[in-house]
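Novice: Numbering of the sequence shown is given in my numbering, commencing with residue 554 and proceeding in unit increments.
This is the structure I have questions about; it appears just below.
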Amino acid sequence: MSVYRLYNAVLQNHLYISDTNEVRVLTSRHGWTQDNNGQPVFYSGGNVAIYRVYNPRLRGLHHWTTDTNEYSILPSNSWHQEGIKFYATQFGNPIQTQYARPIAAPTPVQPQQPAQSYYPNCAAVRSAGRAPLYRGQSGYRDGLDRGGDGIACDQ
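As structure tokens, this is what we get:
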């Protein structure tokens, strides 16, 4: 089945359609124009139904879904059901939409803070291969900065 894409400059909205009569009506009476020189932009096929809904409160914005639960709940949020408009082939696992049963939020992982190094003296800093140390770096402390210039163990 051929799927066409229309555009409405007033609504600033694209619409995917497989019904050639709907294409004719929208382009002749409602300000829509055909993209791709009127040729199909893709072909529908497969066994996964794609449902279309629109919301007149959102400038006629359309939404497509394969989720039957989402399709049944959207009308309670000002969306109008328009039925199955084309089909797709399923690859992988279906995704969960915002209207499906909620999933428990993952526990946030606290970023690990880098371990603070402590060097008793500049010989230890040099032995660790860290000299010179700059203010803000792990292991820097004023006691190692003899010149007070923010650079420790530079001598």
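Note that the Cβ used here is the ideal one computed from N, Cα and C, for glycine as well.
Please read these numbers as outputs of a predicted model, since none were measured by experiment.
1) Can you give, in chain order, each stretch of the beta strand (DSSP E) that sits fully within the stretch 576 to 626 and has at least 3 residues?
2) Cα separation between valine 556 and aspartate 572?
3) For phenylalanine 644, count neighbouring C-beta atoms within 10 Å of its own C-beta (all shown protein chains included) and say buried if the count is 16 or more, exposed if not.
4) Taking the beta strand (DSSP E) that valine 678 belongs to, which residues open and close that run?
5) Based on DSSP bridge pairs, tell me the residues matched to asparagine 566.
6) Could you check what DSSP says for glycine 696 in three-state terms: helix, strand or coil?
7) Would you report the Cα separation of histidine 583 and valine 576, rounded to the nearest angstrom?
8) What do you reckon, are the CB atoms on valine 601 and glutamine 634 nearer than 7 Å?
9) Per DSSP, what kind of secondary structure is serine 710 in: helix, strand or coil?
10) Output needed for tyrosine 671: all residues of its chain with C-beta closer than 7 Å, excluding positions within five of it in sequence on either side, in chain order.
11) Do you know offhand how far glutamine 592's Cα is from isoleucine 626's?
Specialist: The short version:
1) If we require 3 residues or more, the beta strand (DSSP E) runs fully inside the stretch 576 to 626 come out as 601 to 608 and 614 to 618.
2) Looking up residue 556 in the sequence shown gives position 3. Looking up residue 572 in the sequence shown gives position 19. C-alpha separation (whole angstroms): 8 Å.
3) As a working note, residue 644 is residue 91 in the sequence shown. It counts as exposed.
4) The sequence position of residue 678 within the sequence shown is 125, counting from 1. Looking at the DSSP string, valine 678 is not in any beta strand (DSSP E); the run it does join, the alpha helix (DSSP H), is 675 to 680.
5) Walking along the sequence shown from the start, residue 566 turns up at place 13. The bridge partners DSSP lists for asparagine 566 are Asn561.
6) On the sequence shown, residue 696 is found 143 positions in, with the first residue counted as 1. DSSP, reduced to helix, strand and coil, places glycine 696 within a helical segment of the structure shown.
7) Position 30 of the sequence shown holds residue 583. Position 23 of the sequence shown holds residue 576. One alpha carbon belongs to histidine 583, the other to valine 576, and they sit about 10 Å apart.
8) Sequence index remark: in the sequence shown, residue 601 carries index 48 (1-based). Sequence index remark: in the sequence shown, residue 634 carries index 81 (1-based). Remark: C-beta atoms of valine 601 and glutamine 634 do not approach each other more closely than 7 Å.
9) The requested residue 710 does not occur in the structure, where the chain is confined to residues 554 to 708.
10) Taking the sequence shown and counting its residues from 1, one reaches residue 671 at position 118. Excluding residues within five positions, the ones whose Cβ falls inside 7 Å are Gly692.
11) For the purposes of this step, residue 592 is taken as the residue at position 39 of the sequence shown. For the purposes of this step, residue 626 is taken as the residue at position 73 of the sequence shown. In this structure, the straight-line span from the alpha carbon of glutamine 592 to that of isoleucine 626 is close to 34 Å.
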